[in-house]
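Chains as they are written, first to last, in this note's numbering: chain R, 9 to 294; chain Z, 411 to 792. Every residue, glycine too, gets a C-beta built ideally from N, C-alpha and C.
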Amino acid sequence: MEVLLQALIGGLAVGAIYGLVALGFTIIYRSLYVINFAQGHVFMVGSFMGFVGFSLMRRFSVAVFIFVLIAAAMIAIVTVFLVYGKIHRADHLTFAIASIGVGIIMENIVRMICPDPRAYPDIFREKVYSVGDIFISTQYIWVLAITLALITMLQLFFYKTKMGKAMRAVSEDRDMASLLGINVSYTVYIAFVISSIVGTMGGILIGPIYFFSFDMGFMTGLKAFSAAIIGGIMSVPGTLIGGIILGVTENLGGVYVSSEFKDAIAFALLILMLMVKPTGIFGKAK
Amino acid sequence: MSIKKVLLTGVIVIFCLSCAGIAHAKKSIRIGYLAALTGPGAAFGINMLQGHNMAVEEINAGGGLLGRELEAVVIDDAGDPAQSVSAMMKLVYQEKVDIVIGGWGSATVLANYKVCEKAGLPYIEIGASNPRVTRRQNNQWTFAGLQNDEKQAMVISKIAVDMGYKKFAFLHDSNDFGVGGRDEFTKGLARYHLKPLIVESYQFGDKDFNSQLIKIRRARPDALGLFGTLVEGAAIAIQMEKLGMDFPIFSMAGLSNYNYIKLGGRAVEGTICATHFSRHLSAETEAWAKRYEERYKGSAVMPDPNTAWLAYTAVANPFKRAVKLAGSIDKKKVRDALRKVRWREYGQNIDNHFDKEHAIVKETIVVRIKDGDYIPIAQEKP
Chain R
9 MEVLLQALIG GLAVGAIYGL VALGFTIIYR SLYVINFAQG HVFMVGSFMG FVGFSLMRRF
69 SVAVFIFVLI AAAMIAIVTV FLVYGKIHRA DHLTFAIASI GVGIIMENIV RMICPDPRAY
129 PDIFREKVYS VGDIFISTQY IWVLAITLAL ITMLQLFFYK TKMGKAMRAV SEDRDMASLL
189 GINVSYTVYI AFVISSIVGT MGGILIGPIY FFSFDMGFMT GLKAFSAAII GGIMSVPGTL
249 IGGIILGVTE NLGGVYVSSE FKDAIAFALL ILMLMVKPTG IFGKAK
Chain Z
411 MSIKKVLLTG VIVIFCLSCA GIAHAKKSIR IGYLAALTGP GAAFGINMLQ GHNMAVEEIN
471 AGGGLLGREL EAVVIDDAGD PAQSVSAMMK LVYQEKVDIV IGGWGSATVL ANYKVCEKAG
531 LPYIEIGASN PRVTRRQNNQ WTFAGLQNDE KQAMVISKIA VDMGYKKFAF LHDSNDFGVG
591 GRDEFTKGLA RYHLKPLIVE SYQFGDKDFN SQLIKIRRAR PDALGLFGTL VEGAAIAIQM
651 EKLGMDFPIF SMAGLSNYNY IKLGGRAVEG TICATHFSRH LSAETEAWAK RYEERYKGSA
711 VMPDPNTAWL AYTAVANPFK RAVKLAGSID KKKVRDALRK VRWREYGQNI DNHFDKEHAI
771 VKETIVVRIK DGDYIPIAQE KP
């Protein structure tokens, strides 16, 4: 029994992070109907900036945190200006290929600066609590708490703020929204900025649990994409739940089926979902 | 000046430059170095390159070998077997090196040695400890500059059992290095009629070991045999701490690089592993380690004498002596000389040489991590 509970705890934490990174896919897909394959690498760059900033301070610092988020936003703005802004009206394939290219550039720039894995500074003042044979690390608690807070804020943004409503309007019908006076290209920038920020937050949360390394974006990006598909790429809470389902399945599969083929189990779930209900658990068939 | 004259002058200039180029190339002895300089093996590859370059510099400062300068030709293979084969082909056929001293990762070397065997080029590999690298039919050109897992496992398993541990769990990388380590340690334990309680595995590059560790914890072992390299090893040590698993880790030399301590922090204290070198063995070893650290102070990757030594000794000992003995850099002559030369590495109590299988003969050094350093606790010939 404690094996099951321990696996669930680990699965919840890593699943929450997949969900967070997956939100980046969801937000951009909802606004523009394109998949941003650089999202995994955005997560990695965010983690890297956090690593550099917090290592300099040797502990958590609000100033560094805000600075890293602003940097993430600026990277998003620059990428839209240089690349995506010119092609987001093009077909999906063009965008997909361009985003893969952006991802490769990000990965290799960081690779040149930091070629080997690094331990993240202890920003959560890590402690391990035990309840009988179950061990809970405070890092996991932080991950879950922050992810829930972020989801709540995002939902409030999309349903209670003017900008959020404007973005939902653009997602429903771009041309009509434009005719009604909504600045569509502004919403494109906002979509990428939000997606960069949630990816960066995921990167900072995961840093202390695993190490930072320049190649961490690829696998996490794939899994986050799977999470978005499983939960429903058009739904914000759906994406988070998709992440948790993926994380828990991965952990339980690793314990009860095979640890070596943990990743295969996760992707098998993706393939199953695409075959049975491609819009995801919480997706509405269009 | 007419066009003809300009063209003729141009051709002559280019011809002279290429002659100068060829003349220069004829002069230097080219040593190929191939290893992971990026990715999870980067710490090893970069430290080994430092040792390699230091030896090359010192030999050149002393007038070179056979009156010729040594030149290091360096290629990164990211520790990936597929990339490594093409990288080796580039070294052998394009760069046309005289010998390859390098290689990291059993899986990688087991893939790339074939290129040297086919081309007839001596290869002193310094990064793969799977015995299959040299123990095979018709091994003509490959020499193992580091002690293989079979020998390391004999010594480590003896130490572990002598310390009183009986209930072992194994966690190993599913690549050739991890599987080899697992098999050799199993053989080592079998001498004492012991078997591991549970064996789990992971993929090179994995970050999360929760599922494997939960299963291992359930089996209630008193020691963990860990067969893999330092990044995953450090992550495993940290995740073990988070799951309340506080028994010691035993391993081969895959964990004997200082980056394991840097990444793992407090969690890796008490790890016992084999290593190829320790600065604490003698005044000579300490002096060398200091010299190396001075030379590479401030490099992006922390200088690590344990790892750098492997490359340094390969160049400064068997390679240098073999070329001197052969009196030339003819590949066959150097290979034959490598089979004969003897030397003694700093800190060793016995003479070192390559045996019939081209495996190195030396004492295994066993270290334990205490207060952030690798402290020798035993030194024996397996």
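Assign residue i to buried or exposed, taking buried as 16 or more other Cβ atoms, counted over all protein chains shown, within 10 Å of its Cβ.
i	result
Z/L417	exposed
Z/A677	buried
Z/E790	exposed
Z/G537	buried
R/R38	buried
R/E258	buried
Z/Y670	buried
Z/H686	buried
Z/T518	buried
Z/E535	buried
Z/S494	buried
Z/L720	buried
R/V139	exposed
R/K170	exposed
Measuring only the C-alpha atoms, how far is residue i from residue j?
i	j	result
R/I43	R/H100	8 Å
Z/N540	Z/G591	8 Å
R/L64	Z/E594	43 Å
R/F269	R/I190	48 Å
Z/T681	R/V86	47 Å
Z/T723	Z/I469	12 Å
R/A46	R/T155	21 Å
Z/A629	Z/E696	42 Å
Z/N727	Z/E755	8 Å
R/S145	R/M283	37 Å
Z/D508	Z/F587	28 Å
R/K94	Z/K672	44 Å
Z/I569	R/F219	31 Å
Z/N522	Z/N585	15 Å
Z/A465	Z/E481	11 Å
Z/L601	Z/A644	In the sequence as presented, Leu is not what sits at residue 601 of chain Z; that position holds Arg. Roughly 29 Å separates the two Cα atoms.
Z/R627	R/M120	39 Å
Z/P491	R/L248	37 Å
R/G58	R/D183	39 Å
R/T160	Z/S709	45 Å
Z/Q547	Z/E527	12 Å
Looking at the structure shown, is residue i part of a helix, part of a strand, or coil, going by DSSP?
i	result
Z/F657	coil
Z/I787	strand
Z/T685	strand
R/A98	coil
Z/A433	Its pLDDT being 47, under 50, Z/A433 is placed unreliably by the model, and the measurement read from it follows with that caveat. Correct three-state label for Z/A433: helix.
Z/N620	helix
Z/W486	For the sequence presented, residue 486 of chain Z should be read as Asp rather than Trp. Looking at Z/D486 - three-state DSSP - the assignment turns out to be strand.
Z/I534	strand
Z/K780	strand
R/D124	coil
Z/H582	strand
Z/R478	strand
R/E134	coil
Z/Y756	coil
Z/T695	helix
Z/L634	strand
Z/I545	According to the sequence provided, residue 545 of chain Z is Arg. The question's Ile does not apply to it. In the structure shown, Z/R545 sits in coil (DSSP, three-state: anything other than H, G, I, E or B).
Z/R705	helix
Z/E610	strand
Z/T793	In this structure chain Z extends from 411 to 792, so residue 793 of chain Z is not present and cannot be described.
Z/A769	strand
Are three or more beta carbon pairs between the segment 726-739 of chain Z and the segment 710-718 of chain Z nearer than 8 Å? no
Determine which residues of the segment 496-530 of chain Z have a Cβ less than 9 Å from any Cβ of chain R, and write them out in chain order. Listed by position along the chain: nothing, the set is empty.
Listed in chain order, which residues of the segment 588-601 of chain Z have Cβ atoms closer than 8 Å to some Cβ of chain R? The residues in question: there are none.
At a CB distance below 7 Å, what residues from the segment 620-635 of chain Z approach chain R? Give them in sequence order. Listed by position, the residues of the segment 620-635 of chain Z near chain R (Cβ gap below 7 Å) are N620, S621, Q622, I624, K625 and R628.
Kindly confirm or deny that the segment 444-464 of chain Z and the segment 508-521 of chain Z touch, where touching means at least three C-beta pairs closer than 8 Å. yes
Residues of the segment 96-129 of chain R whose Cβ lies closer than 7 Å to any Cβ of chain Z, in chain order: Only R119, P123, D124, P125 and A127 from the segment 96-129 of chain R bring a Cβ to less than 7 Å from some Cβ of chain Z.
Closer than 7 Å between beta carbons: that is the criterion. Which residues of the segment 255-269 of chain R meet it against chain Z? N259, G262, V263, S267 and E268
Counting Cβ pairs, one atom from each stretch, are 3 or more of them under 8 Å apart for the segment 486-498 of chain Z and the segment 436-452 of chain Z? Verdict: yes, contact present.
Select from the segment 715-740 of chain Z all residues with a C-beta closer than 8 Å to any C-beta belonging to chain R, and list them in chain order. Close to chain R, meaning a Cβ-Cβ distance shorter than 8 Å, is no residue of the segment 715-740 of chain Z at all.
Quick one: any contact between the segment 232-240 of chain R and the segment 252-259 of chain R, if contact means 3 or more CB pairs under 8 Å? yes
Three Cβ pairs or more, each shorter than 8 Å: is that satisfied between the segment 553-561 of chain Z and the segment 758-777 of chain Z? At 8 Å Cβ cutoff, the stretches touch.
Does the structure place the segment 625-641 of chain Z close enough to the segment 569-580 of chain Z that three or more beta carbon pairs sit under 8 Å? yes
Using a Cβ-Cβ cut-off of less than 8 Å, give me the residues of the segment 671-691 of chain Z that come near chain R, in sequence order. K672, L673, G674 and G675
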